[in-house]
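>
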Amino acid sequence: MLNPINPYIADKPVYDSAAFIGRSDIVREVIRMLHHDEDNAIVLYGQRHIGKTSALQHLKVHLLTQGNYCPIYVDLQGKASWTVGQVISELANSIAHTLDQAKPDLGEQPEITFIDTWLPNVLQSLPEKRALVLLFDEFEVLADPKIEQAAMALFPYLRQLLDRDPKHLNFVFAMGRNVDDIDHIAVSLFRGIPPIKRLSLFNQADTTTLVRLAEANNSLNWPDEAVECVWRYTQGHPFLTQQVCFHVWEQAYEVNPATMPTISPTDVENVIFDVLDASRKPLTWLWNGLPPAERVVASALASAGQQSHTEQALEKWLYENGIRVFIRELQNAPCLLQEWDWLESANGGYRFRVELLRRWIMENKPLRRIQDELDRIEPVADSFFRTAQDLYQAGDLDSAIKQLREAIGLNPNHLGAHQLLADILLAQGQAGEARVLLEKLYNYQPLAARSRLIQSLLVLAQQTNREKQQLKLYEQVLALEP
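Under the working numbering, the first residue of the sequence shown is numbered 14, with each subsequent residue one higher.
(1) Quick check on the burial criterion: 16 or more other C-beta atoms within 10 angstroms. Buried or exposed for TYR332?
(2) Select from ASN53, ASP385, SER107 and LEU76 the residue whose C-alpha is nearest the C-alpha of ASP176.
(3) Assuming GLU124 contacts VAL97 (C-beta within less than 8 Å), just tell me the rounded distance between them.
(4) If we count Cβ pairs, one from each stretch, closer than 8 Å, do we get three or more for the region 424 to 438 versus the region 378 to 396?
(5) Along the alpha helix (DSSP H) that carries TYR4, what are the first and last residues, could you check?
(6) In the DSSP assignment, what residue or residues form a beta bridge with LEU145?
(7) To the nearest whole angstrom, what separates the beta carbons of LEU148 and HIS181, a pair I think is in contact under 8 Å?
(8) Curious, which full-length alpha helix (DSSP H) runs of at least 4 residues does the region 69 to 137 contain?
(9) Since I believe GLU391 is in contact with GLU342 (beta carbons under 8 Å), could you give me their beta-carbon distance rounded to a whole number of angstroms?
(10) Out of ARG245, THR272 and SER292, which has the shortest C-alpha to C-alpha gap to PHE259?
(11) Which residue from VAL43, ALA93 and ASP88 puts its Cα closest to that of HIS75?
(12) When DSSP builds the beta bridges, which residues end up paired with LEU57?
(13) How about GLY189 and ILE374: are their beta carbons less than 9 Å apart?
(14) Got a sec? Which residues, its chain only, sit under 7 Å from VAL12 by beta carbon, not counting five neighbours each side?
(15) Following the continuous beta strand (DSSP E) through ALA359, name the residue where it begins and the one where it ends.
(16) What three-state label does DSSP hand ASN502 in the structure shown?
(17) Pick from ASP178, VAL185, ASN19 and LEU253: whose alpha carbon is nearest that of PHE215?
(18) Express the C-alpha separation of ARG172 and GLN99 in angstroms, rounding to a whole number.
(19) Exposed or buried, which one is ARG381 when buried takes at least 16 other CB atoms within 10 Å?
(20) Mapping the DSSP letters down to three states, classify ARG364 as helix, strand or coil.
(21) Could you give the DSSP three-state label for ASP150: helix, strand or coil?
(22) Could you give the C-beta distance for LEU439 and LEU417, rounded to a whole number, given that I count them as a contact under 8 Å?
(23) Could you give the first and the last residue of the continuous alpha helix (DSSP H) run that contains HIS431?
(24) Using three-state DSSP, classify GLN377 as helix, strand or coil.
(25) Does THR272 come out as helix, strand or coil in the three-state DSSP assignment?
(26) Quick one: is SER469 buried, meaning 16 or more other Cβ sit within 10 Å of its Cβ, or exposed?
(27) Buried or exposed for TYR487, please, with buried defined as at least 16 other CB atoms from any protein chain shown within 10 angstroms of its CB.
(28) Straight-line CA distance for THR220 to TYR82?
(29) Thinking just about the alpha-carbon of each residue, which of TYR363, THR247, VAL367 and VAL281 is nearest to the one in SER321?
(30) Whose CA, out of GLN319, ARG371, GLU307 and ALA315, lies closest to the CA of ILE340?
(31) Can you list, in chain order, the residues of its chain whose CB lies under 7 Å from that of TYR170, leaving out five sequence neighbours each side?
(32) Let me know if ALA187 comes out buried or exposed under the rule of 16 or more other beta-carbons within 10 Å of its beta-carbon.
(33) Please report the straight-line C-alpha distance between SER232 and LEU69, rounded to a whole angstrom.
(34) Is ALA492 buried or exposed, if buried means 16 or more other CB atoms sit within 10 Å of its CB?
(35) Going along the chain, which residues of its own chain have a beta-carbon closer than 8 Å to the beta-carbon of PRO20, five neighbours each way excluded?
(36) Just curious, the alpha helix (DSSP H) that ILE44 is in, first and last residue?
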């Protein structure tokens, strides 16, 4: 009976263990930044669960071997509401701990004491040519432009730190936000564009190395065809590759084999359901990081199958599924999804890059379940809609109608605006106008329009004295009844 250890890490960062694979390009870019006195900051960005934390933890160990660097890892997860003083106190504690110094007492104004007194003393006490390297994980938590303290206090403070002593104080910021937010951070924090390095999917060689970790500890045999099967499903996504291999290993050792198991493609196929089930929460986080338009397009392409689809085919598919106007945000979504490794170019169109992601979206986020995303695709339109809701609640129906027409003009796919406008028109006795609006909506969103359209038809039937007209309206109602 064998008594091996599963070498795959499925539920946490791999840190600097044997399971850390690849990322030599990331290490190389950080070292290059450290060797240039004029540069003292670099941004590492990529989608969630792509390996940013693992890369920082690897740098924390690796930099100790590369010269006079003192790497300090700072985890900002869960600290979005912290004040500047709290963030700086945590940073000072991390620096002191790493340098084996006593816990600092920064007094009642820690941010002032830190930058004016404590940090200069620490830097001055370092041996010649020794430098601190601050590794900020989850930096997007504090870089969120919606958090007032970031714009008003934290960013100016960090700018002072960046300029304090570039030779002895370096920064590595890891974040996983939309690529457009990099521009915001560059302007707000760096006053320009710092070196930026994207963490992407593993190449096939690194993926193969990761899959064959179990061969390195003599617990599994991975023939080429089984390794290729993992590649087809994960395309080098670090988290999903670890998940697949972890479950394959666990399945192989359920029966306590007497000899080292040899994995087949069928063994890989057999764990896919378990992998998707175990990955539900991380994949939901990944999904939640997408803007509304990207969610709609990702859902559409996932449901459309594995083959590639041109932009024209995507527009046609969306049209057939109730999205009648292919607005700018939807047109731009495939490019952003490609930048973030969700899609790839193929045969003049786009297709999902990671098959496991496509399957998870197809099963858990089909277009029919995410119709509310359509309302948020155009932020200005949705703002008009929310203002209209407030006006409606306040009884100012005429002003609400104006706001709703603005919303529909900007985003003709906004269901909420159509429905509320119909409700107000019916309340004002304008059943005829409500009918026109709802009949148009019914053509592409029948479920969203049916009940209100029936109501408008019944009101019109009650308002007319012409029997033929009443009969025609009632027949239309009967045709709409499920």
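Quick reminder that beta carbons are idealized off the backbone N, C-alpha and C, glycines included.
In brief:
(1) As a position in the sequence shown, residue 332 is number 319, starting the count at 1. A residue is called buried when at least 16 other Cβ atoms come within 10 angstroms of its Cβ; TYR332 does not meet this threshold and is exposed.
(2) Walking along the sequence shown from the start, residue 176 turns up at place 163. It is ASN53 whose Cα lies nearest to the Cα of ASP176.
(3) As a first step, residue 124 must be located in the sequence shown, where it is residue number 111. As a first step, residue 97 must be located in the sequence shown, where it is residue number 84. That pair is a contact at about 5 Å.
(4) yes
(5) In this structure the chain extends from 14 to 495, so residue 4 is not present and cannot be described.
(6) Your numbering for residue 145 matches position 132 in the sequence shown. DSSP output for LEU145 lists CYS83 and LEU182 as bridge partner(s).
(7) Residue numbering aside, residue 148 sits at position 135 when the sequence shown is read from its first letter. Residue numbering aside, residue 181 sits at position 168 when the sequence shown is read from its first letter. Their Cβ separation, rounded to whole angstroms, is 16 Å, which puts LEU148 and HIS181 out of contact at 8 Å.
(8) When DSSP assignments are scanned along the region 69 to 137, the uninterrupted stretches of alpha helix (DSSP H) that are 4 or more residues long and fall wholly within it turn out to be 97 to 111 and 123 to 126.
(9) The residue you call residue 342 lines up with position 329 of the sequence shown. The residue you call residue 391 lines up with position 378 of the sequence shown. Yes, GLU342 and GLU391 are in contact; Cβ-Cβ is about 6 Å, under 8 Å.
(10) For the purposes of this step, residue 259 is taken as residue 246 along the sequence shown, with counting starting at 1. Out of ARG245, THR272 and SER292, SER292 has the C-alpha closest to the C-alpha of PHE259.
(11) The residue you call residue 75 lines up with position 62 of the sequence shown. Among VAL43, ALA93 and ASP88, the Cα nearest to that of HIS75 belongs to VAL43.
(12) In the sequence shown, residue 57 corresponds to position 44, counting from 1. DSSP output for LEU57 lists ALA187 and LYS210 as bridge partner(s).
(13) Taking the first residue of the sequence shown as 1, we reach residue 189 at position 176. Taking the first residue of the sequence shown as 1, we reach residue 374 at position 361. No; because the gap between Cβ atoms is not below 9 Å, this pair is not in contact.
(14) Only positions 14 to 495 of the chain appear in this structure, which leaves residue 12 out of reach.
(15) Along the sequence shown, one-based indexing puts residue 359 at 346. Unbroken beta strand (DSSP E) run through ALA359: 356 to 359.
(16) What is shown of the chain runs 14 to 495, which leaves residue 502 out entirely.
(17) The residue given as residue 215 occupies position 202 in the sequence shown. It is LEU253 whose Cα lies nearest to the Cα of PHE215.
(18) The residue labelled residue 99 in the question sits at position 86 within the sequence shown. The residue labelled residue 172 in the question sits at position 159 within the sequence shown. Rounded to the nearest angstrom, the two C-alpha atoms are 17 Å apart.
(19) As a first step, residue 381 is located in the sequence shown; it is residue number 368 there, counting from the start. With fewer than 16 Cβ atoms within 10 Å of its Cβ, ARG381 is classed as exposed.
(20) Along the sequence shown, read from residue 1 onward, the residue named residue 364 stands at position 351. The answer is strand: DSSP assigns ARG364 an E or B state.
(21) On the sequence shown, position 137 is the one that residue 150 refers to. Taken through DSSP and simplified to helix, strand or coil, ASP150 comes out as strand.
(22) Looking up residue 439 in the sequence shown gives position 426. Looking up residue 417 in the sequence shown gives position 404. Actually they do not touch by this definition, with Cβ atoms about 13 Å apart.
(23) Translated into the one-based positions of the sequence shown, residue 431 becomes position 418. Taken as a continuous stretch (DSSP letters only), the alpha helix (DSSP H) holding HIS431 covers 428 to 440.
(24) Taking the sequence shown and counting its residues from 1, one reaches residue 377 at position 364. Position check: residue 377 holds Asn in this sequence, whereas Gln was assumed. Helix.
(25) Within the sequence shown, the letter at position 259 stands for residue 272. Reduced to three states, the DSSP call for THR272 is coil.
(26) What you label residue 469 is simply residue 456 of the sequence shown in a count that begins at 1. The residue in question, SER469, is buried, as its Cβ has 16 or more Cβ neighbours within 10 Å.
(27) Within the sequence shown, numbered from 1, the residue matching residue 487 stands at position 474. Per the 10 Å Cβ criterion, exposed.
(28) Within the sequence shown, residue 220 is the residue found at index 207, counting from 1. Within the sequence shown, residue 82 is the residue found at index 69, counting from 1. Straight-line Cα distance between these residues: approximately 30 Å.
(29) As a working mapping, residue 321 is identified with position 308 in the sequence shown. Minimum Cα distance to SER321 is reached at TYR363.
(30) Here residue 340 corresponds to residue number 327 of the sequence shown, with the count starting at 1. Of the candidates GLN319, ARG371, GLU307 and ALA315, the one whose C-alpha sits nearest the C-alpha of ILE340 is GLU307.
(31) Locating residue 170 in the sequence shown gives position 157, where the first residue counts as 1. Excluding residues within five positions, the ones whose Cβ falls inside 7 Å are VAL97 and GLU124.
(32) Position 174 of the sequence shown, counted from the first residue, corresponds to residue 187. With 16 or more other Cβ atoms within 10 Å, it is buried.
(33) In the sequence shown, the residue the question calls residue 232 occupies position 219. In the sequence shown, the residue the question calls residue 69 occupies position 56. Each residue's alpha carbon lies about 29 Å from the other.
(34) Sequence index remark: in the sequence shown, residue 492 carries index 479 (1-based). Answer is exposed; the Cβ neighbour count stays below 16.
(35) Within the sequence shown, residue 20 is the residue found at index 7, counting from 1. Excluding sequence neighbours, PRO20 sits near ALA31, ALA32, LEU226, ALA227, ALA229, ASN230, SER232 and TRP262.
(36) Here the question's residue 44 lines up with position 31 in the sequence shown. Run containing ILE44: 37 to 48, per the alpha helix (DSSP H) assignment.
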